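Sequence order for the protein chains is A and B. For the first sequence, our numbering assigns the number 1 to the initial residue and increments by one for each residue that follows. For the second sequence, our numbering assigns the number 1001 to the initial residue and increments by one for each residue that follows. In this text, a Cβ means the ideal position worked out from N, Cα and C, and glycines have one as well. This structure is a prediction, so every number in the text was calculated from the model and none was measured. The structure appears right after this line, and notes come after that.
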Amino acid sequence: MLNVEMDSGKTVLLMGNEAIARGAIEAGVDFCTAYPGTPSSEIIDTLAKVASRFSLYVEWSTNEKVALEAAGGASFAGLRSICAMKHQGVNVCSDFIFSTNLAGTHGGFVLVACDDPSAHSSTQEEDTRNFARFADIPLLEPSNVQEAKEMTKWAFDLSERLKVLCMIRSVTRVSHARGNVKLDEIKREKRSIDLSNSPYSSGFPSISARHSSLHEKLDRAEEEFNRSAFNEYFGPDDASIIIITSGTGWMYSREAVKILGLDEIGILKLGTTWPVPEKLVLTHLKHADEVLIVEETDSFLEQNVKVIAAENRLKINFYGKRSRDIGDIGEINVDIVINALKRLKGIDYTARNEEYVRITKKLGKALPPRMLSFCAGCPHRASLWAIKRAIRWDGRDAYVCGDIGCYSMGIGPTGFMQLKTLHCMGAGIGVANGLGNLRIFGFDRPIIAIAGDSTFYHACIPALINAKHNGASILFIILDNCTTAMTGFQPHPGVAKDAMDRLTPIIKLEDVCRGIGLQVEISDPFEIKKTTKTIYEMLQLEGTRVIILRRACGIAEAKRKRVYVDQTKCIGEECGCVRFCSRVFNCPGIMWDERAGKARIDEVVCNGCGACAQLCPRDAIVVDE
Amino acid sequence: MRLEKDPLNLIICGVGGQGNILASQIIASAGIKDGFYVIIGETYGASQRGGAVMSHLRLSDEMQQGPLIPEGLSDIILGFEPVETLRTIHSFGNPKTKVIINPRPIYPIEVLSGRIEYPQVEEVIDAIKKLVEVVKVVEATKIAKGMGETMVQNMVMVGCLAGSGWIPIRIDSFEEAIRDVFPGKELNSKAFKAGVERIMDIVDSDMDI
């Protein structure tokens, strides 16, 4: 039995995302949707694993807009529904947020947005809390794993009471933290489908009535938030210096105050941050002369608190992101709060003496960096190598538009720096629509766009139709590794299984492309010479055309065949290949054996794909079949 | 069992694919079995792709801690890879830190391609010895290879931690946690036991600055 399905009363180790899933289960969720994205994917991964036990409907949707709309449909019918996504997903589904907020809901409807401050596994960092304020929907911010569970559970009740979509904003350090979680009772309730409250519309034709009703709902939320147990004040009742914080900032603030021994400082921890619980905040602003605001990414809380202070003509010195005391970009941590408090109080603190810091800094600087690379056995390395060779043969300096997935790393050395653009899901083929239609302006470099299989279903199809319809000249290369690899191997419409492990018909990439009327060629990237030739030949054509490079992800389908260098055949530096396998092809599984002056396979790292064996000019690399 | 220092701050560092995250889960589950508050903060997502991976694991008798250890405040570092261990000490080490290190390098792509040199492992370990209280070097990859699977070096290292006496979690709790996570996979328990035994044989190398 998984920790997440254990009995009430037990304390177990859960990841933040599992805790969110458990909170939804305890609330009696019925309908669960998402498109995978780090750091959010494990919410639906977890719910999918227990779907049959708790009679849930769980799906991996093709993108976040469809996911939120599907969950909305289930909510309109009276079911409790949850939709999870990474921060960028909220951009994708925002159109629906801005009508469902006005339309209202029926069954509890919860959107979980997982932000990635510092963009550990994203192409940008953004603060999705702005969407809650933008769309007038209630916002909850868990500060740790246990609270992630409690808030998710409560969000369903709140949504159902107010009849509005509720948003939970998690971050990497909550979603991907693991900690003790005390489990509570699971309430399974058979809900009947009831669409009698229809129509659900954004308000047309009575927009003003809907909009004012939404504002009334927010007023009621604020009343509840003023009394909510998720908001708590710690410290002296009359503290003249207070910290106001939310999310992870609460844990960091508490520790910073403890390390510095500043018991005189009060901390107001807010878990419900939009609408701001004004009465509660005002109570504590009134005894403060100086306020430090600790939050992650944008100055969201800071701006909202300052409005309250201004409206009440309070004379307070504020410190936070606008004063740069808490960094206005990237992730925050205990040290950032410690440094802000040191400046504010004029005190000194260092964890280590200067000499120690000086020595470690010097040593640290000399260490080799560890750049991200494609895994050993990754088909993308071979695909990008073939693209690079074909572009060289072609000689017209083809320009490659990149997209979002593991292959995004093709912008760096591991993908031979082939990608020249990298934006959001589907933007590769989207941008190529512009570049591929510049002939009348005298631009004639060939344009290539690449995208992965999951990205194709998510956001490439309208752009591909647009390209065909408007006559853009683009070679579109789909890197099909038969899964959603970067987020943990979730299924997509191109594989035979769905989230609940049911067999489903495969919607083939080639069928979709041919249905649009496009020429499609298919090649195995591990047949590197054939693939290079196919790309070269397709580059010579005009119009929109497609190559599918199909080979399963090396991690999902590890072969673990033994691959080794026959050092009697490898002639080292005399070969003239200039260490092709280890230096140029750049697979982390191939190393240079300094002592022998020859190549060697690192058995700890090698995945056994054997792609390198085809490229060695001396046939010195052996694959044990 | 009470902690001498609360919270106890442990860092597991290495490279994506070495099983760092599973190792941190085993230690945390064992900690919960023994009644501690445990939190793990970890960065991955890109971790299977050759990047450095670090798990912060914090144990407390009193309350749930934040997921990130502040600068310079690590008590124990479990280093799966030499350069990553020194990199971790750079940010989180202090003269009281205790270290268990696997000396087997995983070469960064820039080193494999010959653009940058990897430092001599002996020099890395000597540098570490000067910066922390104790260093125990365990050839965990070799031990794992001897058992037929290099992947279980992570369980050898967890065994070393369990047998070091530096962390007040019972060996039984570790073993139970390993069985929970890898049901029916005896090799992991075997690798753990090999680690427990190996660490007992190693003499501490004292700090010499």
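What three-state label does DSSP hand A/G576 in the structure shown? The residue you call residue 576 of chain A lines up with position 576 of the first sequence. Note: A/G576 maps to coil in three-state DSSP.
Between the C-alpha atoms of A/E296 and B/F1182, what's the straight-line distance to the nearest angstrom? What you label residue 296 of chain A is simply residue 296 of the first sequence in a count that begins at 1. What you label residue 1182 of chain B is simply residue 182 of the second sequence in a count that begins at 1. About 36 Å.
Per DSSP, cross-strand counterpart(s) of A/A113: Within the first sequence, numbered from 1, the residue matching residue 113 of chain A stands at position 113. In DSSP, A/A113 forms a bridge with A/M85 and A/R169.
If we cut at 9 Å on Cβ distances, does B/P1108 have a partner in chain A? Along the second sequence, one-based indexing puts residue 1108 of chain B at 108. Yes, because at least one Cβ of chain A sits closer than 9 Å to the Cβ of B/P1108.
Beta carbon of A/H106, beta carbon of A/A77: below 9 Å? Residue numbering aside, residue 106 of chain A sits at position 106 when the first sequence is read from its first letter. Residue numbering aside, residue 77 of chain A sits at position 77 when the first sequence is read from its first letter. In contact: A/H106 and A/A77 (Cβ atoms closer than 9 Å).
Within the region 261-334 of chain A, note down every full alpha helix (DSSP H) run reaching 4 residues or more, in order along the chain. 278-285 and 300-311
Output the distance between the C-alpha atoms of A/N3 and A/A21, rounded to the nearest integer angstrom. Start at 1 with the first residue of the first sequence, and residue 3 of chain A comes out as number 3. Start at 1 with the first residue of the first sequence, and residue 21 of chain A comes out as number 21. Roughly 11 Å separates the two Cα atoms.
For B/S1055, which of helix, strand or coil comes out of DSSP? Here residue 1055 of chain B refers to the residue found at position 55 of the second sequence. If DSSP states are grouped into helix, strand and coil, B/S1055 belongs with the strands.
What does the alpha-carbon distance come out to for the pair A/E660 and A/N333? In the structure displayed, chain A extends from 1 to 625; residue 660 of chain A sits before or after that span and is not available.
The region 1194-1204 of chain B in contact with the region 1151-1164 of chain B per 3-pair CB rule at 8 Å: yes
Does DSSP classify A/W592 as helix, strand or coil? Counting from 1 along the first sequence, the entry for residue 592 of chain A is found at position 592. In the structure shown, A/W592 sits in a strand (DSSP, three-state: E or B).
Kindly list the residues whose CB is nearer than 6 Å to the CB of B/I1101, restricted to its own chain and excluding five residues on each side of it in sequence; keep chain order. If you number the second sequence from 1, residue 1101 of chain B lands on position 101. Contacts found: G1079, T1085 and V1137.
Local conformation of A/D513 per DSSP, three classes: Taking the first residue of the first sequence as 1, we reach residue 513 of chain A at position 513. For clarity, residue 513 of chain A is Cys in the given sequence; the question names Asp instead. Helix at A/C513.
Spatial distance of A/D403 from A/R352 (CA atoms): The count along the first sequence starts at 1 and reaches residue 403 of chain A at position 403. The count along the first sequence starts at 1 and reaches residue 352 of chain A at position 352. If I take the Cα positions, the gap works out to 44 Å.
Looking only at C-alpha atoms, which of A/L140, A/G597 and A/C401 sits nearest to A/K153? To locate residue 153 of chain A, count along the first sequence from 1; it is residue 153. When each option's Cα is compared against that of A/K153, the closest is A/L140.
Restricting to Cα atoms, I'd like to know which of A/S196, A/I528 and A/C606 is closest to A/K626. Because chain A spans 1 through 625 in this model, residue 626 of chain A falls outside it and cannot be assessed.
Check whether the Cβ atoms of A/V174 and A/L13 lie closer than 9 Å to each other. The residue labelled residue 174 of chain A in the question sits at position 174 within the first sequence. The residue labelled residue 13 of chain A in the question sits at position 13 within the first sequence. Contact: no.
Below 6 Å CB to CB, which residues in the same chain sit around A/E64 once its five sequence neighbours on both sides are set aside? Here residue 64 of chain A refers to the residue found at position 64 when the first sequence is read from its first residue. Excluding sequence neighbours, A/E64 sits near Y35, M85, G89, V92 and C93.
Identified DSSP bridge partners for B/A1136: Counting from one through the second sequence, the residue named residue 1136 of chain B turns up at place 136. What sits at residue 1136 of chain B in the sequence shown is Lys, not Ala. The partner list for B/K1136 (beta bridge, DSSP) reads B/I1100.
What are the residues in the region 1073-1104 of chain B lying within 8 Å of chain A by C-beta distance? L1073, V1083, E1084, L1086, R1087, I1089, H1090, S1091, G1093, N1094, P1095 and R1104
So if DSSP puts B/N1009 in a beta bridge, which residue, or which two residues, is it bridged to? Counting from 1 along the second sequence, the entry for residue 1009 of chain B is found at position 9. BP columns for B/N1009 point to B/R1058.
Any idea what DSSP makes of B/M1151, helix, strand or coil? For the purposes of this step, residue 1151 of chain B is taken as residue 151 along the second sequence, with counting starting at 1. Reduced to three states, the DSSP call for B/M1151 is helix.
Answer yes or no: do B/D1126 and B/D1061 have a C-beta to C-beta separation smaller than 9 Å? Locating residue 1126 of chain B in the second sequence gives position 126, counting from the first residue. Locating residue 1061 of chain B in the second sequence gives position 61, counting from the first residue. Not in contact: B/D1126 and B/D1061 (Cβ atoms no closer than 9 Å).
Using a threshold of 9 Å, state whether the C-beta atoms of A/T33 and A/H87 are closer than that. Working through the first sequence from its first residue, we reach residue 33 of chain A at position 33. Working through the first sequence from its first residue, we reach residue 87 of chain A at position 87. It is not a contact, given that the beta carbons lie outside the stated cut-off.
Contact between the region 46-55 of chain A and the region 201-218 of chain A is defined here as three or more beta-carbon pairs at a separation below 8 Å; is this criterion met? no
Minimum Cβ-Cβ distance from B/K1130 to chain A less than 9 Å: Residue mapping note: residue 1130 of chain B aligns to position 130 of the second sequence, counting from 1. At least one chain A Cβ lies under 9 Å of B/K1130.
Determine which residues of the region 1004-1015 of chain B have a Cβ less than 8 Å from any Cβ of chain A, and write them out in chain order. V1015
Alpha carbon to alpha carbon, what distance is there between A/A398 and A/D45? Here residue 45 of chain A refers to the residue found at position 45 when the first sequence is read from its first residue. Here residue 398 of chain A refers to the residue found at position 398 when the first sequence is read from its first residue. About 39 Å.
Cβ separation of B/N1020 and B/S1074, assumed to be a contact under 8 Å, to the nearest whole Å: Residue numbering aside, residue 1020 of chain B sits at position 20 when the second sequence is read from its first letter. Residue numbering aside, residue 1074 of chain B sits at position 74 when the second sequence is read from its first letter. About 15 Å separates the two Cβ atoms, so there is no contact after all.
Where A/L655 and A/A74 are concerned, what is the direct C-alpha to C-alpha distance, given to the nearest angstrom? An answer regarding residue 655 of chain A cannot be provided, because it is not within the stretch 1 to 625 covered by chain A.
Using the C-alpha atoms, what's the distance from A/F96 back to A/E69? Stepping through the first sequence from its first residue, residue 69 of chain A is reached at position 69. Stepping through the first sequence from its first residue, residue 96 of chain A is reached at position 96. Answer to the nearest angstrom: the Cα atoms are 7 Å apart.
Of all the alpha helix (DSSP H) runs that stay within the bounds of the region 349-378 of chain A, which reach a length of 4 or more residues? 354-366
Say whether chain A places a C-beta atom closer than 9 Å to the C-beta of B/L1068. To locate residue 1068 of chain B, count along the second sequence from 1; it is residue 68. Answer yes: the Cβ-Cβ gap between B/L1068 and chain A drops below 9 Å somewhere.
Are the region 433-445 of chain A and the region 454-462 of chain A touching by the rule of at least three beta carbon pairs closer than 8 Å? no
Alpha carbon to alpha carbon, what distance is there between B/E1117 and A/G608? What you label residue 608 of chain A is simply residue 608 of the first sequence in a count that begins at 1. What you label residue 1117 of chain B is simply residue 117 of the second sequence in a count that begins at 1. Roughly 26 Å separates the two Cα atoms.
Rounded straight-line distance, which links the Cα of A/M486 to that of B/S1091: As a position in the second sequence, residue 1091 of chain B is number 91, starting the count at 1. As a position in the first sequence, residue 486 of chain A is number 486, starting the count at 1. If you take the alpha carbons of B/S1091 and A/M486, they lie about 28 Å apart.
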